[in-house]
Every structure is written in C-alpha cells, then in structure tokens.
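Colleague: Dumping the structure here so I can ask a few things about it.
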Amino acid sequence: MVKKVVRVLASIMVFTMMSSVVAFAAESKNVASEAVILDGDMSIEEGAEPGIPAADEAANAKKLAEMQTRLSMRLSGPTYMSLNVPTCEQINGYYCGPATVQQTIKFYKGSAPSQDTLASQLGTTTDGTDMTRIAGVVNNNLGYSQYSMIAIGTQTDWANKVTYALSINKPVIIDIKAASGSGWPYTTNGHFMNVSGHDRSSSVSKAKVTDPWKLGLGSHWYNESLVYKVNNAHFRQAMIW
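Put into structure tokens, the structure is as follows:
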C-alpha cells in the first residue's frame, strides 16, 4: 500500500514538472514572437540603389532655387508650422516605408492604398524598402511630380529644406538610424517617418515627426538637433521633399 502511494505521488510530481516546462516553453515562444527587430530600410548590400536618382537631381535644382528665393525674400515660412499628417501604424517591423508612404498619400488625398499594395509598388522585402524608390511611388499615387530625394547637408541646410517644404504644405520623409544612448526613444538601424512640423519661435528649434512605429506611434515634437542627428546618422543622409 505504501509503495502504491509513493508511486502515485511520484507520478503527480513528474506531471507537475512537465506541465511547468511546457508552460515555460509556451511563454518563451510568445515573448520571442513579440520581439520585432526594427529595420525597415534596405541597405545597398541588400540590393538598394546607391546615390540619388538623376531625375531627382533635376527636380532638386528647381526646388533649391525657389527655396533660396524665398529665403532671400524672408518668405521661407512662419516660425511655427504644423501639418496634420495622419498616423498609419506599420503592420510589421519592416513596413515603415509603405506605412510612411501611406501617411503621405492620405495627407493629400484622404485615402491611400493598403500597405501591402504600396509594399508591392515599392519593392519592399523583409530587408525593407529602397529609399530611392519612395519619391516615384508617392508621385505616381498622387498623379503628379511632387517629391524628390535630396541630401540633407548641414543642420542649417536640413532646417531650411524642411521649412521650405512645410511652407508649401508638403510633409517631408526622412530615414533615421538611432543607436542606444542617442536620445531617441527606441533603437533602429533604418526607419522611415514623416517630418510634419517645425517650430523656430524659441531659442531651441523643434521638429515634429509622424511615426508609424508602435514605440513612437503618432506625432511628437523633438529638439530639431535630435531629429537631424538621427537622420544624419543614417548612411543615406537624405530626405524626400
């Protein structure tokens, strides 16, 4: 009788231990499935085109000339500008390109194709989106040539380009890289978002971004110097304006 009781107790202990192991494994699997690496920009090594497309260079020459005219006439825009760019949360860790394009198109038209449709147009893969393709896809969906890719230059150059674009009611698209300790709320090797506002009314200029990523989702104001820093840290050092 005693041996029988011991065997029963031993069986119960084994069952309990196995159940705990299964539960722990299931919990670990769930945690792993939620750990998404944010890297939505395709690198040159992954197949992206290097440099700025020739067609964009031609468009930039006209924009820069107009920007300089506005600056020289002190018509570069008010000291505070904020565009109501809609937020479109990206559906996975590498769809920031399609989501940012979706936000941009929705700003102009009120509606936009799905992120999957835009991903197909952009050639987005699990490696991300080639930045050189974004301006063309936005322009095709808008039905006219509006955007081009350009080097950001110095922080002053960056601010002038952002101010010019916002003053003509155009949200900017940037690509950032943020390392741990950079001051950005999360880390990323490559991530697209809109710049949708600029405030130079005080001693510290601010920039507003509209972010499709869940850890920074929505529109938020940051010091201009920080937004420039993470944009400049990316190997492209470029914006789409």
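In case it helps, mature numbering (1 follows the signal peptide of the UniProt record, and there is no 0) puts the sequence shown at residues -25 to -1, 1 to 216. Glycine included, C-beta positions come from ideal geometry on N, C-alpha and C.
(1) Taking ILE125 as the reference, give the member of LEU13, ASP105, ASN35 with the closest Cα.
(2) Name the DSSP bridge partner or partners of TRP196?
(3) Measuring CB atoms only, is the stretch 95 to 102 touching the stretch 24 to 31, in the sense that at least three cross pairs come out at less than 8 Å?
(4) Going by DSSP, name the residue or residues bridged to ILE125.
(5) Which value, in whole angstroms, describes the spacing of the CA atoms of ASN59 and ASP132?
(6) In three-state terms, what does DSSP make of GLY22?
(7) Please report the residue range of the alpha helix (DSSP H) in which ILE27 lies.
(8) Roughly how far, in whole angstroms, is the beta-carbon of VAL147 from the beta-carbon of ILE80, given that I think they are within contact range, below 8 Å?
(9) With DSSP as the reference, please indicate the residues paired to ASN115 in a beta bridge.
(10) Would you report the Cα separation of ALA33 and MET42, rounded to the nearest angstrom?
(11) Once DSSP output is grouped into helix, strand and coil, what is the label at ALA153?
(12) Quick one: using the 10 Å Cβ neighbour count with 16 as the cut-off for buried, is ASN198 buried or exposed?
(13) Measure the beta-carbon distance from TYR139 to ARG45 and round it to whole angstroms, keeping in mind my assumption that it falls under 8 Å.
(14) What did DSSP end up calling MET168 once you bin it into helix, strand or coil?
Modeller: Looking at the atomic coordinates:
(1) Measuring from the Cα of ILE125, the nearest candidate turns out to be ASN35.
(2) LYS183
(3) The answer is no - the stretch 24 to 31 does not touch the stretch 95 to 102, with fewer than three Cβ pairs under 8 Å.
(4) MET214
(5) 24 Å
(6) coil
(7) Segment: none, ILE27 is in no alpha helix (DSSP H) and carries neither H nor E.
(8) VAL147 to ILE80, Cβ: 14 Å. No contact.
(9) DSSP output for ASN115 lists no bridge partner at all.
(10) If I take the Cα positions, the gap works out to 15 Å.
(11) strand
(12) Note on ASN198: under 16 other CB atoms within 10 angstroms of its CB, so exposed under the neighbour-count rule.
(13) 6 Å
(14) Residue state for MET168 is assigned as strand, using DSSP reduced to three classes.
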